[in-house]
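In what follows, a structure is listed as structure tokens, so that the remarks can point back to it.
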Amino acid sequence: MSGRVRIILNPAAGQGRGARRLGAVRAAFAVHGMDDLRLTERPGDEARLVMEALDDDVGTLVVVGGDGTWGRCAVALGVARGASRMAFLAAGTGNDFAKNLRVPANDPAGLARLIAEGRAIERLVDLGRVDDQWFLNVAGFGFDVAVLRACQAPSWLRGPARYIVTALRELRSYEGIECRIGGASGSWKRDLMLVFSNGEHFGGAFHIAPDARVDDGALDMIVVDCEPGWGRVPLLAKALRGRHLADPRVRHARAAHFTVAFREPPWFEADGELHRAAGTECEVAVVPGALRVVDAPAD
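Quick note: to get my numbering, add 36 to the position in the sequence shown (first position is 1).
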């Protein structure tokens, strides 16, 4: 792997936060002679820029964006089994995946020094997949999809507050999703949501899988029963603090592979982007050690 460093920045990340961080990011890395910076121009550009970096033998890809941008770059690297390592700089809404690492994701100057001074360490972390759709941080069915769709409407809210307020609005009316965990061998049940998490956090504020580790070769499944009405609100509050797993309405399992059957091909979200499954039965699995990432050494 070469010592070349390239920055990929999504100006649209975080509703324009990426563009606002451009000057600070450029200046922080230029101090150390790292001035190779590429901007995404349209949705989906990340995969093209990642492949160009691999062709150019770039050793470290610094990705500036949020979970969507990070996920698209990570999946492109993972699928290609590229030798480049990925570093995370936050410019999105939730910036959840970097919370699993020690890397200074909110400090461009700190990350630039870490890489330039050779103090960065490399970790192998897992990815996940729903059928053929890979993801970096989390995939969700049910309520998560409803909230994500509602979040796409224009709003003055920014950051994690937007997801929390939208979730509260959707919480009472959402009717749940019918599924069988275990595929044909399971029993039909109506659940509020199913989340398959590689990391600990999602939605910017929810500590959804407190015991998850991004390098343990497994995914954490969190299933929430479809209790009606406003009784869901206290459970949502528990999820903000990571205290929901002890609630009898929540089921939790950790495994490398799950099968879930639905009445019809379901919609699901992967790293904040909506997808439609091809069939009524979905295979959800970990892809162990698929991504090299930059991290800070332990103190």
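Each residue gets a CB set at the ideal place from its N, CA and C atoms; glycine is no exception.
Neighbourhood of residue i by C-beta distance below 8 Å, restricted to the same chain and skipping five residues each side
i: Ala-275; result: Phe-242, His-243 and Ile-244
i: His-311; result: Val-166, Gln-169, Trp-303, Phe-304 and Glu-305
i: Gly-80; result: Arg-108
i: Leu-327; result: Ala-110, Leu-113, Gly-114, Met-122, Leu-160, Val-161, Asp-162, Leu-163 and Leu-172
i: Asp-251; result: Arg-159, Leu-160, Val-161, Asp-162 and Gly-325
Contacts around residue i, its chain only, beta-carbon distance under 7 Å, and the 5 residues preceding and following it disregarded
i: Leu-73; result: Ile-43, Leu-45 and Arg-62
i: Ala-254; result: Arg-290, Ala-291, Ala-292 and Val-322
i: Ala-314; result: Asp-167 and Pro-301
i: Glu-309; result: Gly-104
Residue i - containing alpha helix (DSSP H), residue span
i: Glu-88; result: 81-91
i: Arg-40; result: Per DSSP, Arg-40 belongs to no alpha helix (DSSP H) and is neither H nor E.
i: Met-49; result: This sequence places Ala at residue 49; Met is not what is there. Taken as a continuous stretch (DSSP letters only), the alpha helix (DSSP H) holding Ala-49 covers 49-66.
i: Trp-106; result: 103-116
i: Lys-225; result: Lys-225 -> not in any alpha helix (DSSP H); beta strand (DSSP E) instead, spanning 225-233.
i: Ala-314; result: Segment: none, Ala-314 is in no alpha helix (DSSP H) and carries neither H nor E.
i: Arg-277; result: 268-277
i: Leu-147; result: 144-152
Proximity winner among the options, relative to residue i (alpha-carbon distances)
i: Gly-50; options: Leu-125, Ala-254, Gly-315 and Arg-155; result: Leu-125
i: Asp-162; options: Glu-317, Pro-301 and Ala-291; result: Ala-291
i: Gly-39; options: Gly-54, Val-98, Pro-140 and Leu-58; result: Val-98
i: Arg-117; options: Leu-137, Ala-134, Leu-90 and Gly-104; result: Leu-90
i: Val-260; options: Ser-233, His-237, Pro-284 and Asp-251; result: Pro-284
i: Leu-350; options: Gly-128, Gly-164 and Ala-182; result: Nothing can be reported for residue 350, as the shown portion of the chain is limited to 37 through 335.
i: Arg-299; options: Asp-251, Gly-218, Thr-316 and Glu-309; result: Thr-316
i: Arg-138; options: Ala-326, Glu-309, Asp-92 and Arg-155; result: Arg-155
i: Val-296; options: Ala-273, Asp-251 and Phe-232; result: Phe-232
i: His-288; options: Ala-248, Asp-252 and Gly-325; result: Ala-248
i: Ala-55; options: Leu-75, Ile-258 and Arg-121; result: Leu-75
i: Tyr-210; options: Asp-180, Ala-152, Gly-114 and Leu-160; result: Asp-180
i: Glu-82; options: Thr-96, Ala-112, Gly-95 and Asp-92; result: Ala-112
i: His-237; options: Asn-131, Arg-159 and Arg-328; result: Asn-131
i: Ala-127; options: Gly-239, Gly-218, Glu-309 and Arg-57; result: Arg-57
i: Gly-52; options: Val-86, Thr-129, Gly-95 and Asn-136; result: Thr-129
i: Ile-217; options: Ile-258, Val-250, Leu-85 and Leu-207; result: Ile-258
i: Leu-230; options: Gly-240, Glu-88, Phe-177 and Ala-119; result: Phe-177
i: Val-100; options: Ala-60, Asp-93 and Val-94; result: Ala-60
i: Pro-246; options: Leu-272, Asn-136, Glu-153 and Pro-140; result: Asn-136
Limits of the unbroken beta strand (DSSP E) element including residue i
i: Phe-177; result: 174-178
i: Gly-325; result: 317-331
i: Ala-306; result: 303-306
i: Arg-165; result: 157-166
i: Arg-216; result: 213-217
i: Ile-258; result: 255-261
i: Ala-126; result: 121-126
i: Val-296; result: 293-298
i: Arg-138; result: That residue, Arg-138, is in no beta strand (DSSP E); it is neither H nor E in DSSP.
i: Leu-73; result: 73-75
i: Phe-133; result: From DSSP, Phe-133 is part of no beta strand (DSSP E); its letter is neither H nor E.
Euclidean distance between Cα positions of residue i and residue j
i: Gly-235; j: Asp-256; result: 8 Å
i: Ile-157; j: Pro-264; result: 47 Å
i: Ala-48; j: Leu-172; result: 20 Å
i: Lys-225; j: Ile-213; result: 8 Å
i: Leu-281; j: Cys-215; result: 20 Å
i: Asn-142; j: Gly-267; result: 36 Å
i: Pro-270; j: Arg-205; result: 14 Å
i: Ala-332; j: Ser-223; result: 45 Å
i: Ala-134; j: Arg-78; result: 24 Å
i: Glu-319; j: Leu-150; result: 38 Å
i: Phe-294; j: Met-70; result: 43 Å
i: Ala-220; j: Pro-144; result: 49 Å
i: Asp-93; j: Ala-334; result: 28 Å
i: Leu-184; j: Val-201; result: 12 Å
i: Arg-208; j: Val-286; result: 17 Å
i: Gly-146; j: Cys-262; result: 44 Å
i: Ala-119; j: Val-329; result: 11 Å
i: Gly-95; j: Arg-277; result: 37 Å
i: Gly-239; j: Ala-273; result: 13 Å
i: Val-41; j: Ala-152; result: 9 Å
i: Met-87; j: Arg-279; result: 41 Å
Close-in-space but distant-in-sequence residues of the same chain around residue i (CB under 6 Å, 5 per side omitted)
i: Asp-307; result: Asp-103, Gly-104, Gly-107, Phe-171, Leu-172 and Asn-173
i: Ala-148; result: Ala-64, Phe-65 and His-68
i: Pro-140; result: Gly-146 and Leu-147
i: Leu-85; result: Ile-44 and Arg-74
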